[in-house]
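To start, the structure under review is shown below, and the notes come after it.
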Amino acid sequence: MEEMWFFGYGSLMWRPGFEYVEAKRAHLHGLHRRLCIYSHIHRGTPERPGLVLGLDRGGSCRGMVFRVDAEVQAQVLAYLREREMANGVYYEAMRRVRCDDGTSVQALCYCAVRGHEQYAPVMGTEATLKLVNGAVGQSGRNEDYVISTVDKIRAMGARDLPLERVANALRQSALAS
Numbered sequence: 597m598e599e600m601w602f603f604g605y606g607s608l609m610w611r612p613g614f615e616y617v618e619a620k621r622a623h624l625h626g627l628h629r630r631l632c633i634y635s636h637i638h639r640g641t642p643e644r645p646g647l648v649l650g651l652d653r654g655g656s657c658r659g660m661v662f663r664v665d666a667e668v669q670a671q672v673l674a675y676l677r678e679r680e681m682a683n684g685v686y687y688e689a690m691r692r693v694r695c696d697d698g699t700s701v702q703a704l705c706y707c708a709v710r711g712h713e714q715y716a717p718v719m720g721t722e723a724t725l726k727l728v729n730g731a732v733g734q735s736g737r738n739e740d741y742v743i744s745t746v747d748k749i750r751a752m753g754a755r756d757l758p759l760e761r762v763a764n765a766l767r768q769s770a771l772a773s
């Protein structure tokens, strides 16, 4: 087995949870990051779902790629499949990703399954906030997930304006409380 690359666009960027030998900022074309998955486990419950990110069709996405040595590849794949694919709302796809250093790599991406019952339609900021604000799952508060992701994107020197609008509204809501 050879080394393998994984593309992170949400919590994998700031909490990968696996051993890697190299991380690079990268840009994926053809898919974009969107709060499009109703979370029933990590950031919500079936009774009070939250919203988490998925890669959805169109556009592009700034994120991180992580290189994993062959010796731990099977372990990392098992970990990510348990973390990302517990309910079948994502599918795996190998995609060409352009790194900020000018190189390109084939990276495993976790993409949203549009026909899945947990796939969320496009919604405005207010509707998104109603789902995110107050939702809590096994991995913590939904608000923290959104804000931490935006903070990491900004630290990388990138922007995600739709996600920033949600994070800014969440921060304002926390200040008003």
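Mapped onto our numbering, the consecutive letters of the sequence shown carry residue numbers 597 to 773. C-beta: ideal position from N, C-alpha, C; glycine also. Being a predicted model, the structure only gives us computed values, none of them experimental.
Tell me, which residues are paired with residue i by DSSP?
| i | result |
| --- | --- |
| Arg621 | Met660 |
| Gln702 | Arg692 |
| Ala670 | In the DSSP output, where bridge partners are listed per residue, Ala670 has none listed. |
| Asp652 | His628 |
Whole angstroms are fine: how far does the CA of residue j sit from the CA of residue i?
| i | j | result |
| --- | --- | --- |
| Pro758 | Thr724 | 11 Å |
| Met660 | Gly736 | 22 Å |
| Val732 | Gly626 | 31 Å |
| Glu598 | Gly720 | 43 Å |
| Ala674 | Val718 | 31 Å |
| Arg629 | Ser656 | 8 Å |
| Ala682 | Asp696 | 31 Å |
| Ile749 | Glu667 | 30 Å |
| Leu704 | Glu678 | 15 Å |
| Cys707 | Ser769 | 30 Å |
| Glu713 | Glu680 | 16 Å |
| Glu722 | Ala765 | 9 Å |
| Gln702 | Val728 | 32 Å |
Using alpha carbons as the reference points, say which of the options lies closest to residue i.
| i | options | result |
| --- | --- | --- |
| Glu739 | Leu627, Arg639, Ile633 | Arg639 |
| Met752 | Leu649, Glu713, Leu676, Gly604 | Gly604 |
| Glu688 | His623, Met609, Asp652, Glu760 | Asp652 |
| Gln671 | Tyr616, Ala765, Asp756, Arg767 | Tyr616 |
| Ile561 | His623, Arg767, Glu713 | The question about residue 561 has no answer, for the chain in this structure spans 597 to 773. |
| Pro612 | Leu676, Asn764, Tyr686 | Leu676 |
| Val664 | Phe602, Gly650, Val746 | Phe602 |
| Gln734 | Pro642, Gly606, Asp756, Asn764 | Pro642 |
| Arg658 | Gln702, Arg755, Val701 | Arg755 |
Classify residue i: buried if its beta carbon has 16 or more other beta carbons within 10 angstroms, exposed otherwise.
| i | result |
| --- | --- |
| Lys726 | exposed |
| Met690 | exposed |
| Pro645 | buried |
| Glu618 | exposed |
| Ser635 | buried |
| Thr699 | exposed |
| Gly711 | exposed |
| Gly606 | buried |
Would you say the beta carbon of residue i comes nearer than 8 Å to a heavy atom of the ligand ZN?
| i | result |
| --- | --- |
| Ala751 | As for the ligand ZN, it is missing from this structure, which has no ligand bound. |
Would you say residue i reaches chain D, if we count a Cβ-Cβ gap shorter than 9 Å as a contact?
| i | result |
| --- | --- |
| Val742 | Note that chain D does not occur in the displayed structure, where there is just one protein chain. |
Just checking my contact of residue i with residue j at CB under 8 Å: how many whole Å lie between their CB atoms?
| i | j | result |
| --- | --- | --- |
| Val762 | Leu608 | Not confirmed; about 19 Å, so no contact. |
| Leu647 | Val693 | Actually they do not touch by this definition, with Cβ atoms about 24 Å apart. |
| Tyr686 | Gly730 | Their Cβ separation, rounded to whole angstroms, is 24 Å, which puts Tyr686 and Gly730 out of contact at 8 Å. |
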